[in-house]
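Protein chains in written order, with the numbering used here: chain A, 211 to 642; chain B, 211 to 642.
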């Protein structure tokens, strides 16, 4: 019997399983109402239009080849042109040569880390931040430093303080990673003022910013804010995009916009990683956009997810016990919930699943440090409105029982809990 | 202007561009007959059956979800069951739980490196070895040690000597990587006797073997040899497979069979790398196999590539100048050519392209050291037989001119060349 533990690389010894992966398994249990996954609504996948486009891809030998042969490492020329147009519509001038097609935007992050990070390098992240990003940074043995957020997103003051503190320690962060629009996990967006301040600060301090924008198009109300990439010099901000939320996640289509000097290394990294992104997905996305289907589909999805967001907020307003706070996102897939100080959302999840068959993601996993035990993420994206109401009612009933239990018989815990509640902390500002 | 060079990770500073990537660009120039790419024959992609299968995938909401929603990191249960059956047909007992679906087998290699390699770790490779593997090993800063091959594949004696030499240096290789069937680049296969000897040696020395088998099914004649995985303990050999040569490369579908202890880390590595492999490709491959199309398609492809191999060998027999040697593969996509000692295949490529519009891959890139300047790889897989004859005639005409030029006016070079020809060296045994 081979002893494998001694053979692992140092990086692999630090790999940790994520809550999300384990929770994806729950999606398949029909009795569970899952607010955990955060995946798109598959019943809204545009089947008829997909069939039309595929018919076109199969119609001539040239198109068959385009769709099923090996492709270029950088992505197909047609796909990169489409992405250049999509970026331009957002106010970002990026020629196809600065765009790399990736196997989902997760791979964009992975390739960036591969090219930029040595073990022990510092990466700045939001508190809380997207779990999949934290995981990839940790897998490259990065040293993560968290910057708190409030209702306008990343705190620029806190960022400045952190940069100064790191300066004194002679540490220079490799980059700052953030999700400026309808963030995963909080649903909060970065205000225009802060975007401008962030870009100014980044340029002053020569700080590279990695802007991940999966949800920007899923906007329900309020103004659309320009990407950081539209406000900054093209050398300062790296942009990550994806078709997973607005088209078909199962195609694994993401992209990355980077300065030329970085692109060259990223392409070599991509080539070693998997040669090229699947050609079929690229050909399908290009055909779908060429036929003018993408924009109306995004508009339809905005309506679908707005209705679900509304249903979840209405149910929370109606059923939640007073001790619970949550965000009111203007787009995206997520609502962020803060339980009373001292509650442990991860411990409660098992009970909640057993007693009420409702799933969420405990918030701790989104923190780069030990904070967030009393937070959780709810996703409304995949659940029809009637099930959302039912699920939130059950969830709130559960939390109501926890609260009542603490006030009643369980005085020792209630007392220790009471001592631990100094009112909402800094990060609590994210809730309205 | 940001100075990027100082920001790259140590690993990224060592990234090198490959000949193959640059040559893939040549594929699109119609006047060039390219023996460079080594990609499958896209005109044989089974379009009618693909259309049928896709019709099925679009027919019900459940199948649409299966094909286009996010999937499990490990791969879909149906896909892993199919791969378990495919392995069993090759004599390898591997439950679905030991199979990881990857974004092509290139990603399988990348994930293995991620989990097993620290900078400076030793990896054993064939001389010559698959270029894409060398690239990924180098990107993980591995220390590559080459083992020569001859007409029966990897030299087990040389492997044993190398292991002893490394022992004396207190170095333990992390693994040996090889392509035992119709190898890329040489077309040579490992004999049954050597397979058995290799497995014995690996078990004695507790050497992990990574067996990459993209071409095993593309067999024209001779006996099918069992995979090393069928001969060894399941802890000793890691198997890499792919659908790229027998189905559709543009789907990027590969897999990896690994011991349970390794699987757990590999799945976490895959999750950080790109969350999951594209669902559509998996659903399509499963449906294609379920309908019984896979086996007859592979048989058809054997006929297609056999005809091309025959055409290339016949043309070489007819047109090649006497100073050129080549392999006679019994399967796969490649013929390996050895030019006279002192010729530089990389330098000659530019002239050959200009004068005769024929492309090949210079062999040096397949060597982990400085050898192989006078070798080159020809692929017949993507070129119809009539073009193969035309291209080989042109290529041989070119090499004939080079030879004549050296014998005639260019005596100084011819003299220095003559001194450097001691007869075929060890690796030259690969040619018949």
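Glycine is no exception: its CB is placed at the ideal position from the N, C-alpha and C atoms.
In this text, all values refer to a predicted model and were calculated from it rather than measured experimentally.
Distance cutoff 8 Å, beta carbons only. Does residue i sit that close to anything in chain B?
| i | result |
| --- | --- |
| residue 220 of chain A | yes |
| residue 313 of chain A | yes |
| residue 591 of chain A | no |
| residue 324 of chain A | yes |
| residue 345 of chain A | yes |
| residue 252 of chain A | yes |
| residue 452 of chain A | no |
| residue 621 of chain A | The predicted model places residue 621 of chain A with a pLDDT of 46, which falls under 50 and marks its position as unreliable; any figure quoted below should be read in that light. Chain B contact via Cβ: absent. |
| residue 249 of chain A | yes |
| residue 644 of chain A | What is shown of chain A runs 211 to 642, which leaves residue 644 of chain A out entirely. |
| residue 625 of chain A | Interpretation of residue 625 of chain A is limited by its pLDDT of 37, a score under 50 that renders its predicted location unreliable; no figure is taken from the coordinates. |
If you follow the beta strand (DSSP E) that residue i is in, where does it begin and where does it stop?
| i | result |
| --- | --- |
| residue 457 of chain B | It is not in any beta strand (DSSP E) - residue 457 of chain B carries neither H nor E in the DSSP assignment. |
| residue 520 of chain B | Here residue 520 of chain B belongs to no beta strand (DSSP E); instead the alpha helix (DSSP H) covers 504-529. |
| residue 226 of chain B | Where residue 226 of chain B is concerned, there is no enclosing beta strand (DSSP E), given that its DSSP letter is neither H nor E. |
| residue 464 of chain B | 464-467 |
| residue 543 of chain A | Neither: residue 543 of chain A is in no beta strand (DSSP E) and is coded neither H nor E. |
| residue 421 of chain B | 419-422 |
Tell me, please, whether the CB atom of residue i is closer than 8 Å to any CB atom in chain A?
| i | result |
| --- | --- |
| residue 277 of chain B | yes |
| residue 384 of chain B | yes |
| residue 264 of chain B | yes |
| residue 408 of chain B | no |
| residue 544 of chain B | no |
| residue 422 of chain B | no |
| residue 260 of chain B | yes |
| residue 636 of chain B | The predicted model places residue 636 of chain B with a pLDDT of 31, which falls under 50 and marks its position as unreliable, so this point remains unresolved. |
Starting from residue i and walking both ways along the alpha helix (DSSP H), at which residues does that stretch end?
| i | result |
| --- | --- |
| residue 369 of chain B | 366-378 |
| residue 255 of chain B | Careful: residue 255 of chain B lies outside any alpha helix (DSSP H) and carries neither H nor E. |
| residue 385 of chain B | Not the alpha helix (DSSP H): residue 385 of chain B falls in the beta strand (DSSP E), residues 385-388. |
| residue 415 of chain B | 402-415 |
| residue 470 of chain A | 470-484 |
| residue 271 of chain A | 271-278 |
| residue 196 of chain A | Coverage of chain A is limited to positions 211 through 642, which leaves residue 196 of chain A absent and any answer about it impossible. |
| residue 575 of chain A | Here residue 575 of chain A belongs to no alpha helix (DSSP H), and DSSP marks it neither H nor E. |
| residue 218 of chain B | Unbroken run through residue 218 of chain B: none, as it is neither H nor E. |
| residue 564 of chain A | 555-566 |
For residue i, return the contacting residues in chain A, with the cut-off set at a CB-CB distance below 7 Å.
| i | result |
| --- | --- |
| residue 257 of chain B | 268, 274 |
| residue 225 of chain B | 475, 478, 479 |
Can you name the residues of chain B whose CB is closer than 7 Å to the CB of residue i?
| i | result |
| --- | --- |
| residue 460 of chain A | 277, 278, 279, 280, 281, 488, 489, 490 |
| residue 471 of chain A | 214 |
| residue 327 of chain A | 219 |
So residue i contacts chain B; which residues on that side make the cut at Cβ distance below 9 Å?
| i | result |
| --- | --- |
| residue 151 of chain A | A query on residue 151 of chain A cannot be resolved here, the shown segment of chain A reaching from 211 to 642 and no further. |
| residue 290 of chain A | Within chain B, no residue comes near residue 290 of chain A; the closest Cβ sits about 14 Å away, beyond 9 Å. |
| residue 600 of chain A | Chain B residues near residue 600 of chain A: none, gap ~21 Å exceeds 9 Å. |
Residues of chain B with CB under 8 Å from residue i, in chain order?
| i | result |
| --- | --- |
| residue 501 of chain A | Those do not exist, as residue 501 of chain A stays about 17 Å from chain B at its closest Cβ, beyond 8 Å. |
| residue 512 of chain A | Here the premise fails: no neighbours, minimum Cβ distance about 20 Å. |
Starting from the beta carbon of residue i, find every residue of chain A whose beta carbon is closer than 8 Å, and list them in chain order.
| i | result |
| --- | --- |
| residue 271 of chain B | 252, 253 |
| residue 415 of chain B | Result: empty, since nearest Cβ-Cβ is about 12 Å, beyond 8 Å. |
| residue 320 of chain B | 482, 483, 484 |
Using a Cβ-Cβ distance under 8 Å, would residue i count as near chain D?
| i | result |
| --- | --- |
| residue 380 of chain B | Looking at the structure shown, chain D is missing, and the protein chains on hand are A and B. |
Since residue i meets chain A, which of its residues come closer than 9 Å, beta carbon to beta carbon?
| i | result |
| --- | --- |
| residue 317 of chain B | 313, 483, 484, 485 |
(message) Which runs of the alpha helix (DSSP H) at least 4 residues long sit entirely within the region 298-363 of chain B? Give them in chain order.
(response) 314-326, 341-349
(message) Give the list of continuous alpha helix (DSSP H) stretches no shorter than 4 residues that lie fully inside the region 577-617 of chain A.
(response) 595-617
(request) Below 7 Å between beta carbons is the criterion; list the residues of the region 349-371 of chain A that meet it against any residue of chain B, in chain order. (result) 349
(request) With 9 Å as the limit, tell me which residues of the region 520-544 of chain A have their beta carbon closer than that to any beta carbon of chain B; keep them in chain order. (result) In summary, no residue of the region 520-544 of chain A has a CB separated from any CB of chain B by less than 9 Å.
(message) Output needed in chain order: residues of the region 550-582 of chain A with a Cβ under 7 Å from some Cβ in chain B.
(response) none
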